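Enquirer:
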Amino acid sequence: MDRIRRLPLPALLPIMFVVVGGLYFLIGLLTSPEETMPGRLVGTLVYAVIFSAGFSILIAVRRRKAGGAEAVTAMQRTIRTGKVPADADSATWIPELERYRVRYRRNRWVVPVMFVLFAALCVSLALSAGPVWWLFLVLFAGLCVYSGWETRRALRNLDASLEELRRRPITSAPAGSAPGTPQPTAGAAWTLPGDEAPRPDDAS
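This note's numbering applies: residue 173 is where the sequence shown begins, and numbers increase by one.
1) Could you say which of F287, F189, F308 and A243 lies nearest to R175 if we only look at CA atoms?
2) If you follow the alpha helix (DSSP H) that V256 is part of, which residue opens it and which one closes it?
3) Buried or exposed for R236, going by 16 or more other Cβ atoms inside 10 Å?
4) Quick check on the DSSP output: the alpha helix (DSSP H) that includes A301 runs from which residue to which?
5) In whole angstroms, give me the CA-to-CA distance for R278 and M209.
6) Can you name, in chain order, every residue of its own chain whose Cβ lies under 6 Å from the Cβ of L327, other than the five neighbours on each side?
7) Which residues in the same chain have their Cβ closer than 6 Å to the Cβ of S224, if we skip the five residues on either side of it in sequence?
8) So the candidates are G240, L195 and S204; which of them puts its Cα closest to the Cα of P180?
9) Out of curiosity, what's the CA-to-CA distance linking R177 and A291?
10) Determine, using beta carbons only, whether G254 and A220 come nearer to each other than 7 Å.
11) If you drop the 5 nearest sequence neighbours on each side, which residues of the same chain put their C-beta closer than 8 Å to that of E270?
12) Where are the alpha helix (DSSP H) runs, 4 residues long or more, that stay fully inside the region 200-271, in chain order?
13) Assuming L330 and R273 are in contact, meaning their beta carbons sit under 8 Å apart, how far apart are those beta carbons, in whole angstroms?
14) Report buried or exposed for W305, applying the criterion of at least 16 other Cβ atoms within 10 angstroms of its Cβ.
15) Tell me whether S310 is buried or exposed, calling it buried when 16 or more other Cβ atoms sit within 10 Å of its Cβ.
16) Rounded to whole angstroms, what is the Cα-Cα separation between P284 and S319?
17) Among residues of its own chain, excluding the 5 on either side of L222, which ones have a beta-carbon nearer than 7 Å to its beta-carbon?
18) Once the 5 residues before and after R249 are set aside, which same chain residues still bring their CB inside 6 Å of it?
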């Protein structure tokens, strides 16, 4: 998964297009077998294009804010494991991980609401359109259970990671320097009286 996250957008978009288009085509085949093949192919193409374009914009924005695809991959790994890289730039990571934490906190009420709404829809369609919707209800219930477990794990790891990052010195790297490069702190260097380097005026 980390290898896919690191892919450049020109390589990632075709994968997203094929996966999303294939899922949409398969779901349509199961739920609307009466639809003609040309209409199904056109609908799949339109849906896959819109979905891939929208997600490519979101991914590009996230990568730009985080400092690139490698940084996004490292942050996702930290959310999954709770381990912060030694070279993580606190000035960049703290606000980004705060945004992740807001989204995961929102999941605690969004996921149950979505489950209730989707469950009601599946039951209604299962009674009126066909029993295949019972299968979708079971699959969605499994996804919601996994999402709830992942949300708890992510929030726990995010809290620990943010606490560790705040204990580290926050450095502001100058333009052109690599993120996470330690910078000298103003006032940290000092000398004993008489050890100062001679000024040009003193040489005359």
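Where is the CB? At the ideal position from N, CA and C, for every residue including glycine. None of the values given here were measured: they were computed from a predicted structure.
Expert: Let me lay it out:
1) A243
2) Run containing V256: none; DSSP gives neither H nor E here.
3) R236 comes out exposed.
4) Premise fails: A301 is in no alpha helix (DSSP H) and is neither H nor E.
5) 40 Å
6) Y276
7) Contacts found: L185, M188 and F189.
8) If we check each option's Cα against that of P180, G240 comes out closest.
9) 31 Å
10) no
11) L334
12) 209-238 and 241-253
13) 5 Å
14) Of the other Cβ atoms in all chains shown, 16 or more fall within 10 Å of the Cβ of W305; this residue is therefore buried.
15) The question names Ser, but residue 310 in the sequence shown is Val. Per the 10 Å Cβ criterion, exposed.
16) 10 Å
17) Per the sequence shown, the amino acid found at residue 222 is Ile instead of Leu. Same-chain partners within the cutoff: there are none.
18) none
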